[in-house]
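In the working numbering, the protein residues as written are 2 to 268.
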């Protein structure tokens, strides 16, 4: 039975078009929020204490909206390819069933080659964007992470490995493309999840250090001794002098009474 006549397979192909935009948004937001939380500069954006610096708010807005627009465009391309809207009777047997190997081999006529490239374009853009973002995450985990690693071979390498796996699985011909492509997406998703685990560990350590500093500051405020000002010191000295003079008055009265008593006895 022809696969195109099975509605379940068609539904799977349509749902698969949402995978690339979702992964693109996920890897970007993961990198963006990690850099923002730790106040690390990212793509021309500057952060201070987890907040965007006012001078770079325009850049941040443009970049985030660009990624969202790009994800929407990739979704539209995927839907057009899977709904057979662009073909107009042109043979497209390899679309969605073959990778870049078939493009390099020149299988099919020129029009079918163009449609095959269009079908592979969303994943190619995801690979290119992930290449940059995975290097940014890898560099952050090596140089700026709260959890110190002894070498560059650390868990922050996972997204880069997933990007390489996804890129390699897009090179097969129609015999192995479907299996290898789905395997590449699976590996990519697993590596992104592993990166999320590392980000969560880093955020926990960051919160622990922040809470420790707050406790130290609180204890310091409790045990600190106020340093008197010169004016208050002079005022205290005057009060003490006045107090001493007041203490001498009763003593003088007692001495006067004793002398008067002695004089009476002598008389």
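Here a beta-carbon is modelled for each residue, glycine too, at the ideal position from N, C-alpha and C.
Candidates the options: closest to residue i by CA position
i, options, result
"residue 167", "189, 154 and 148", "189"
"residue 116", "40, 101 and 140", "101"
"residue 204", "31, 46 and 43", "31"
"residue 144", "28, 36 and 23", "36"
"residue 172", "104, 19, 150 and 74", "104"
"residue 149", "200, 79, 18 and 213", "200"
"residue 169", "82, 198, 129 and 152", "129"
"residue 133", "83, 165 and 19", "165"
"residue 18", "152, 76 and 217", "76"
"residue 1", "182, 177 and 146", "With the chain represented from 2 up to 268, any question about residue 1 goes unanswered, as that position is not in the structure."
"residue 80", "211, 119, 183 and 221", "119"
"residue 136", "219, 223 and 162", "162"
"residue 13", "111, 183 and 131", "183"
Residue span of the alpha helix (DSSP H) that contains residue i, given as start and end
i, result
"residue 209", "178-224"
"residue 99", "Counting along the chain, residue 99 falls outside any alpha helix (DSSP H), and DSSP gives it neither H nor E."
"residue 58", "58-83"
"residue 36", "20-38"
"residue 163", "159-169"
Residues of its chain near residue i, where Cβ-Cβ distance is below 7 angstroms and the 5 sequence neighbours each way are ignored
i, result
"residue 72", "22, 25 and 26"
"residue 245", "A caution first: residue 245 carries a pLDDT of 46, below 50, which makes its placement in the model too unreliable to give a value."
"residue 57", "45, 46 and 47"
"residue 181", "170 and 173"
"residue 78", "119, 122 and 123"
"residue 153", "143"
Own chain, CB closer than 6 angstroms to residue i, minus 5 neighbours either side, in chain order
i, result
"residue 138", "32, 157 and 160"
"residue 68", "29"
"residue 15", "83"
"residue 185", "166, 167 and 170"
"residue 209", "none"
"residue 207", "147"
"residue 60", "45 and 46"
"residue 92", "Bear in mind that the predicted position of residue 92 carries a pLDDT of just 49, short of 50, making it unreliable; the figure below should be weighed with that in mind. Only 113 meet the Cβ criterion."
"residue 131", "28 and 164"
Contact set for residue i: own chain, Cβ-Cβ below 8 angstroms, skip 5 residues either direction
i, result
"residue 179", "98"
"residue 106", "174"
"residue 213", "none"
"residue 177", "none"
Helix, strand or coil at residue i [DSSP, three-state]
i, result
"residue 48", "strand"
"residue 173", "coil"
"residue 12", "helix"
Count the CB pairs spanning the segment 117-130 and the segment 194-202 that are closer than 8 angstroms, and state whether there are at least three. no
Should the segment 39-49 be regarded as contacting the segment 57-69, the criterion being three or more beta carbon pairs within less than 8 angstroms? yes
At least three beta-carbon pairs within less than 8 angstroms, the segment 153-170 to the segment 135-142: Contact between the segment 153-170 and the segment 135-142 is present, because at least three Cβ pairs lie under 8 angstroms.
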